[in-house]
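For reference, the structure is listed below as structure tokens.
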Amino acid sequence: MADDVIIAPGPLRVAAIGDVHASPNQRGQWRDAFAEVGHSADVLCLCGDLTNIGTAAEAEALAEDLRGIAIPVLAVLGNHDHQCDKPEEIEKVLRDAGVKFLENETHVVKGVGFAGVKGFGGGFDGKMLDAFGESAIKQFVQEAIDESLRLEHALKQLETERKVVVLHYAPICETVVGEPEAIFPFLGSSRLAETIDRFDGVKAVFHGHAHRGTYAGHTRAGNPVFNVAAHIEKPTGKPYALVEV
1 MADDVIIAPG PLRVAAIGDV HASPNQRGQW RDAFAEVGHS ADVLCLCGDL TNIGTAAEAE
61 ALAEDLRGIA IPVLAVLGNH DHQCDKPEEI EKVLRDAGVK FLENETHVVK GVGFAGVKGF
121 GGGFDGKMLD AFGESAIKQF VQEAIDESLR LEHALKQLET ERKVVVLHYA PICETVVGEP
181 EAIFPFLGSS RLAETIDRFD GVKAVFHGHA HRGTYAGHTR AGNPVFNVAA HIEKPTGKPY
241 ALVEV
């Protein structure tokens with residue numbers, strides 16, 4: 001895959017997809033879509049749940065489908081990728097295939113800065129879970145806070161005028177609408193949006209996780225948010241979104 005390149009500002013075509021849930025039993029499932037992306041976009045963002053249960057074999061199936069794509073591929077992990085408690089194995093397999101992970105580093109592609117984290121749940125707006133009561137509840141809320149702080153740290157590193165944020169969990173309620181309301185607190189957290197809105201120049205926020213959610217929404221500050229889970233209907237008519245920033 002191509003290395004990151006910093007050039008004079010210009011439109012950047014970003015393809016984004018989440019929840020591909022790669023499986024050794026479905027090798028080649030995403031090969032044609034990724035080949036299309038390689039011709040229509042400047043960068044591909046993978047928004048978590050790259051695998052079903054977080055095994056290296058599943059990651060290898062995805063890596064096979066990504067081989068040959070000649071544009072940068074940036075990714076974050078999702079909750080499914082942690083199921084076997086070996087996320088580092090998933091990352092290693094995909095790094096060897098050229099994928100660059102955002103959770104501990106940022107990248108710049110053609111003058112646009114990319115930052116990302118997995119994110120976490122906790123609910124939205126006035127219905128966010130507070131760190132009150134049992135230690136398990138406090139730990140749950142702290143995880144959401146920690147993810148937001150990681151995102152803040154990453155965005156602070158970017159000096160580009162244009163920024164793109166890549167997540168797995170949703171930062172706003174608007175793009176999870178369509179899912180049962182009872183599970184909204186497990187689909188994302190407004191803490192992520194609060195962090196994003198403190199930074200200028202965020203041109204797009206991509207997430208997955210909510211398979212039956214809504215494609216597009218905005219943060220309170222007006223930053224555009226796109227739910228790019230593979231199952232969501234998109235303007236492209238494809239499982240991936242294509243957004244120019």
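Note that the UniProt record's numbering gives residue 222 to position 222 of the sequence shown, counting from 1, and the numbers run on in steps of one.
Note that beta-carbon positions come from the ideal geometry of N, C-alpha and C, so glycine has one too.
Can you name the start and end residues of the beta strand (DSSP E) that residue i belongs to?
| i | result |
| --- | --- |
| E244 | A241 to E244 |
| A15 | R13 to I17 |
| F206 | V202 to H207 |
| L46 | V43 to C47 |
| A56 | Counting along the chain, A56 falls outside any beta strand (DSSP E), though it belongs to the alpha helix (DSSP H) covering A56 to L66. |
| residue 255 | A query on residue 255 cannot be resolved here, the shown segment of the chain reaching from 1 to 245 and no further. |
| N79 | N79 -> no beta strand (DSSP E), and no H or E assigned at all. |
| P224 | P224 to N227 |
| H107 | H107 to V109 |
Terminal residues of the continuous alpha helix (DSSP H) containing residue i?
| i | result |
| --- | --- |
| H168 | Where H168 is concerned, there is no enclosing alpha helix (DSSP H), given that its DSSP letter is neither H nor E. |
| G38 | R31 to S40 |
Can you grab the Cα-Cα spacing for the pair residue i / residue j, in whole Å?
| i | j | result |
| --- | --- | --- |
| D4 | F184 | Because D4 carries a pLDDT of 48, less than 50, the predicted location of this residue cannot be relied on, and the following value inherits that uncertainty. So the alpha carbons of these two residues sit roughly 36 Å apart. |
| residue 247 | A61 | Given that the chain is displayed from residue 1 to residue 245, the structure contains no residue 247 and the question cannot be resolved. |
| A35 | A16 | 14 Å |
| N227 | G213 | 7 Å |
| N199 | S23 | The residue asked about is misnamed: residue 199 is Phe in this sequence, not Asn. Looking at the two C-alpha atoms, the distance is approximately 37 Å. |
| Q83 | V117 | 17 Å |
| H209 | D19 | 7 Å |
| G133 | S148 | 22 Å |
| G217 | L77 | 22 Å |
| G10 | A182 | 43 Å |
| V225 | V176 | 11 Å |
| E174 | R31 | 31 Å |
| residue 255 | H107 | Residue 255 cannot be examined here, being either before or after the span of the chain that is shown, 1 to 245. |
| F124 | G201 | 23 Å |
| T51 | L102 | 17 Å |
| P239 | E105 | 27 Å |
| L155 | V99 | 20 Å |
| E88 | A63 | 15 Å |
| N223 | S135 | 34 Å |
| T219 | I90 | 31 Å |
| E244 | E233 | 18 Å |
| V37 | K127 | 38 Å |
| K110 | A204 | 15 Å |
| E179 | G68 | 36 Å |
| A59 | H168 | 17 Å |
| A70 | R95 | 15 Å |
| G237 | A97 | 27 Å |
| N79 | D85 | 10 Å |
| A8 | V141 | Residue placement at A8 cannot be trusted, given a pLDDT of 46 that sits under 50; the coordinates are not used to answer. |
Name the DSSP beta bridge partners of residue i, please?
| i | result |
| --- | --- |
| L158 | L158 is not bridged to any residue. |
| L74 | C45 and K100 |
| S189 | G123 |
| T51 | A22 |
| A115 | V165 |
| E143 | Note: E143 sits in no beta bridge, so no partner. |
| E179 | V177 |
Taking 9 Å as the threshold (C-beta atoms), are residue j and residue i in contact?
| i | j | result |
| --- | --- | --- |
| P235 | A229 | no |
| L74 | V165 | no |
| H207 | H231 | no |
| L46 | G113 | no |
| A115 | K163 | yes |
| V93 | P72 | no |
| G54 | D81 | yes |
| residue 266 | D49 | Absent from the model: residue 266. The displayed extent of the chain is 1 to 245, so no value can be given. |
| L151 | I196 | yes |
| A170 | G119 | yes |
| A33 | R13 | no |
### Task
Would you check if there are 3 or more beta carbon pairs closer than 8 Å linking the stretch 184-196 to the stretch 135-155?
The stretch 184-196 and the stretch 135-155 touch, with no fewer than 3 CB-CB distances between them shorter than 8 Å.
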